[in-house]
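Q: Let me give you the structure first, and then I'll get to my questions.
In my numbering, the protein residues as written are 5 to 255.
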């Protein structure tokens, strides 16, 4: 004995009286962004803007009946204003991200922005393609043409914002690398000067340490020997410093 038939869930509202030619083109999920036109009915399948870690896409359906009445899953209006409001949310989101790009100063800030921009650019590109398809299928509908033009501008703005963010990340990375190279060069110069200073006083320190031992040679009681030792110590230090500072000649 067979059990009760479980209806297959549909991504669009069940109350919508769509033609069978349109209903038969859906499975359990909404699928990619596209336009479907059958028997005077136009159905737009669009996507909400995703987050950087969103694997699934939230669909948005816009149905235009043959008499020009619109239905949508994004509002209760029966005109194309629901489609305009849906596109306006994307324009506002791009404006927010543009402000973040202007304020970005570090590589991590640019990287976070690029993580969000990648899925958004792909979504807006698919949205523009779907609305262009709707324009070709539905004829000279001014609402569809206006939505297509808005989607084209949004796609262009998103791609420019993505490009600016990539350039900003590259410039920030190059600037940090240059600053690190300059800091390393300054540290190397400082270490070189310290080496020269150590080389200058090393022989003198060694000689004074040697003659500072308890050796009864009589040299320590002579002022002339003191200046002689000082002279030879400084001379040895200068020669050692010149030897360290000498650079190999390029061939």
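Glycine residues also receive a C-beta, built at the ideal position from the N, C-alpha and C atoms.
Keep in mind the model is a prediction, meaning the values are calculated, not measured.
Within its chain, find whatever has a CB closer than 6 Å to the CB of residue 87; leave out the 5 residues flanking it on each side and keep chain order.
A: Stepping through the chain shown from its first residue, residue 87 is reached at position 83. Counting only Cβ-Cβ distances below 6 Å, and skipping sequence neighbours, we find 66, 151.
Q: So residue 51 is in the beta strand (DSSP E); what residue range does that whole segment cover?
A: Position 47 of the chain shown, counting from 1, holds the residue named residue 51. Segment 45-51, the beta strand (DSSP E) holding residue 51.
Q: Is residue 160 buried or exposed, if buried means 16 or more other CB atoms sit within 10 Å of its CB?
A: Start at 1 with the first residue of the chain shown, and residue 160 comes out as number 156. The residue is exposed, with fewer than 16 neighbouring Cβ atoms inside 10 Å.
Q: Can you name, in chain order, every residue of its own chain whose Cβ lies under 8 Å from the Cβ of residue 132, other than the five neighbours on each side?
A: For this step, residue 132 is matched to residue 128 along the chain shown. Excluding positions up to five away in sequence, the list reads 152, 155, 156, 158, 159.
Q: What is the rounded straight-line gap between the Cα of residue 187 and the Cα of residue 149?
A: Stepping through the chain shown from its first residue, residue 187 is reached at position 183. Stepping through the chain shown from its first residue, residue 149 is reached at position 145. Those two C-alpha atoms are separated by around 57 Å.
Q: Between which residues of its own chain and residue 194 is the CB-CB distance below 6 Å, once the five residues before and five after are set aside?
A: Along the chain shown, one-based indexing puts residue 194 at 190. Cβ neighbours of residue 194 beyond the five flanking positions: none.
Q: Tell me the residue span of the beta strand (DSSP E) that contains residue 64.
A: Position 60 of the chain shown holds residue 64. Counting along the chain, the beta strand (DSSP E) containing residue 64 begins and ends at 63-68.
Q: By Cβ distance below 7 Å, which residues in the same chain neighbour residue 246 in space, the five residues on each side in sequence not counted?
A: For this step, residue 246 is matched to residue 242 along the chain shown. Nothing meets the Cβ criterion.
Q: Which residue wins for smallest C-alpha separation from residue 104, given the options 201, 25, 172?
A: Position 100 of the chain shown holds residue 104. For the residues 201, 25, 172, the minimum Cα distance to residue 104 belongs to 172.
Q: Return the CA-CA distance between residue 59 and residue 82, expressed in angstroms with no decimal places.
A: Along the chain shown, read from residue 1 onward, the residue named residue 59 stands at position 55. Along the chain shown, read from residue 1 onward, the residue named residue 82 stands at position 78. Each residue's Cα considered, the two are about 31 Å apart.
Q: When you compare only the Cα positions, how much space is there between residue 64 and residue 36?
A: The count along the chain shown starts at 1 and reaches residue 64 at position 60. The count along the chain shown starts at 1 and reaches residue 36 at position 32. Rounded to the nearest angstrom, the two C-alpha atoms are 11 Å apart.
Q: When burial is assigned at 16 or more other CB atoms within 10 Å of the CB, is residue 101 buried or exposed?
A: The residue you call residue 101 lines up with position 97 of the chain shown. Flag for residue 101 reads buried.
Q: Whether or not the segment 136-145 and the segment 168-183 are in contact is what I'm after, with contact meaning three or more pairs of Cβ atoms, one per stretch, closer than 8 Å; do they touch?
A: Segments in contact, no.
Q: How should residue 40 be labelled, buried or exposed, when 16 other C-beta atoms within 10 angstroms of its C-beta is the threshold for buried?
A: Within the chain shown, residue 40 is the residue found at index 36, counting from 1. Label assigned to residue 40: buried.
Q: In the structure shown, what three-state DSSP assignment does residue 253 receive?
A: One-based indexing of the chain shown puts residue 253 at position 249. Residue placement at residue 253 is flagged as unreliable, the pLDDT there being 49, under the threshold of 50; the coordinate-derived value follows with that caveat. Looking at residue 253 - three-state DSSP - the assignment turns out to be coil, as it is neither helix nor strand.
Q: On the DSSP letters alone, give me the boundaries of the alpha helix (DSSP H) that residue 134 sits inside.
A: Mapped onto the chain shown, residue 134 falls at position 130. Residue 134 -> alpha helix (DSSP H) spans 111-142.
Q: Apart from the five residues on each side of it in sequence, which residues of its chain come closer than 6 Å, Cβ to Cβ, to residue 84?
A: As a first step, residue 84 must be located in the chain shown, where it is residue number 80. Same-chain partners within the cutoff: 74, 147.
Q: Go ahead and label residue 196 buried or exposed: buried means 16 or more other beta carbons lie within 10 angstroms of its beta carbon, across all protein chains shown.
A: On the chain shown, residue 196 is found 192 positions in, with the first residue counted as 1. Looking at its Cβ environment, which holds fewer than 16 other Cβ atoms inside 10 Å, residue 196 is exposed.
Q: According to DSSP, residue 41 sits in a beta bridge with which residue or residues?
A: Stepping through the chain shown from its first residue, residue 41 is reached at position 37. DSSP output for residue 41 lists 46 as bridge partner(s).
Q: Going by DSSP in three states, residue 5 sits in which element: helix, strand or coil?
A: The residue labelled residue 5 in the question sits at position 1 within the chain shown. Only weak support exists for where residue 5 lies, its pLDDT of 43 falling under 50; the coordinates are left without a value.
Q: Name the residue from 91, 93, 49, 184 whose alpha carbon lies nearest to the alpha carbon of residue 33.
A: Reading the chain shown from its first residue, position 29 is the one you call residue 33. Here the closest residue by C-alpha is 49.
Q: Decide if residue 94 is buried, meaning its Cβ has at least 16 other Cβ atoms within 10 Å, or exposed.
A: For this step, residue 94 is matched to residue 90 along the chain shown. Per the 10 Å Cβ criterion, buried.
Q: Starting from residue 75, trace the beta strand (DSSP E) in both directions and tell me its first and last residue.
A: Numbered from 1 along the chain shown, position 71 holds the residue referred to as residue 75. Note, residue 75: beta strand (DSSP E), 74-76.
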